[in-house]
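Read through the structure below, which is laid out as structure tokens, and then see the notes.
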Amino acid sequence: MIKNIVFDMGNVILRWDPEYIASRLSNNLDEQKIIIKELFNSEQWQMLDQGTISLDEALQQIYLITDGQYHDLLKYSLYHWYDYLEVFDDMVPLVKELKQQGYKIYLLSNCGLQIKDYFHKVTAFKYFDDFYVSAYNHLLKPDLQIYKHFLTKFNLKAKECIFIDDILVNVEGANKVGMKGYLYDGDINHLKSFLKKSL
Numbered sequence: 032m033i034k035n036i037v038f039d040m041g042n043v044i045l046r047w048d049p050e051y052i053a054s055r056l057s058n059n060l061d062e063q064k065i066i067i068k069e070l071f072n073s074e075q076w077q078m079l080d081q082g083t084i085s086l087d088e089a090l091q092q093i094y095l096i097t098d099g100q101y102h103d104l105l106k107y108s109l110y111h112w113y114d115y116l117e118v119f120d121d122m123v124p125l126v127k128e129l130k131q132q133g134y135k136i137y138l139l140s141n142c143g144l145q146i147k148d149y150f151h152k153v154t155a156f157k158y159f160d161d162f163y164v165s166a167y168n169h170l171l172k173p174d175l176q177i178y179k180h181f182l183t184k185f186n187l188k189a190k191e192c193i194f195i196d197d198i199l200v201n202v203e204g205a206n207k208v209g210m211k212g213y214l215y216d217g218d219i220n221h222l223k224s225f226l227k228k229s230l
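Each residue of the sequence shown is one higher than the one before, starting from 32 at the first, in this note's numbering.
And the structure:
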């Protein structure tokens, strides 16, 4: 019996589109490419998600491998990227409905410590029971340990959880520990049909 619905964040609850975010951070195409390459696609970004490096440490490391003319841009981008995240409005009523039906709602997401400063802006999150952010736990999906730790931390049984993510390997990781995974393709009606059959 399913008791818990576990959501990923990027491209499930809100839009994660590095190219779009870069376009909001700069009108210059070359600068946009720098932001994507040297920030979002960097080793430091992964380390921020895993919580093994601070923002200042990440910035200093990025400075060492980038042209000085882009340092101010990269610093601003690192501290303001989440200002341009967009919430999927159609996900809010679904989360609310699931909560009203008595299901526990959780977040399980690869993201850095900064994201907690953004949570209050996301209407859907007021219906969540708790949040598992990778950086606070030093683990990343699809490492099986993150799913096991998530279940242990919130005292949940895998067979009682549905996990919704937009990345196949993350869904497969959840399946391997006994959770029922769903690969979200952006079609909320497909998700609703899946939940109707599964709950």
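By construction, the Cβ of each residue, glycine as well, lies at the ideal position given by its N, Cα and C atoms.
Cβ-Cβ separation, residue j to residue i (assumed contact under 8 Å), whole Å
| i | j | result |
| --- | --- | --- |
| I195 | Y213 | 5 Å |
| I146 | V164 | 6 Å |
| A155 | V123 | 5 Å |
| F225 | L138 | Rounded, the Cβ-Cβ distance is 19 Å, inconsistent with contact. |
| Y149 | L125 | Not really, about 20 Å apart at Cβ, beyond 8 Å. |
| G82 | L144 | 7 Å |
| L104 | I65 | 7 Å |
Alpha-carbon spacing of residue i relative to residue j, whole angstroms
| i | j | result |
| --- | --- | --- |
| L222 | Y113 | 26 Å |
| N186 | G99 | 48 Å |
| L79 | K127 | 30 Å |
| D161 | L45 | 17 Å |
| E69 | G133 | 44 Å |
| D174 | K106 | 30 Å |
| S73 | Y94 | 12 Å |
| Y158 | K130 | 6 Å |
| S85 | K228 | 43 Å |
| Y51 | K135 | 32 Å |
| M32 | E191 | 6 Å |
| G209 | N201 | 13 Å |
| I96 | N141 | 25 Å |
| A189 | N206 | 9 Å |
| Q75 | S108 | 14 Å |
| N35 | H102 | 44 Å |
| K152 | V118 | 9 Å |
| L182 | N168 | 13 Å |
| D197 | I219 | 12 Å |
| Q176 | K184 | 12 Å |
Counterpart residues of residue i in DSSP-defined beta bridges
| i | result |
| --- | --- |
| K207 | Paired residue(s): none; K207 is not in a bridge. |
| E117 | R46 |
| D196 | L214 |
| G41 | L45 |
Delimiting residues of the alpha helix (DSSP H) encompassing residue i
| i | result |
| --- | --- |
| V37 | Element bounds for V37: not the alpha helix (DSSP H) but the beta strand (DSSP E), 35 to 38. |
| K223 | 219 to 229 |
| I177 | 175 to 184 |
| E128 | 122 to 131 |
Element boundaries [beta strand (DSSP E), containing residue i]
| i | result |
| --- | --- |
| Y163 | 161 to 164 |
| L139 | 135 to 140 |
Could I get the ranges of all uninterrupted alpha helix (DSSP H) runs contained in the region 61 to 109, with 4 residues as the minimum, in chain order?
74 to 81, 86 to 95
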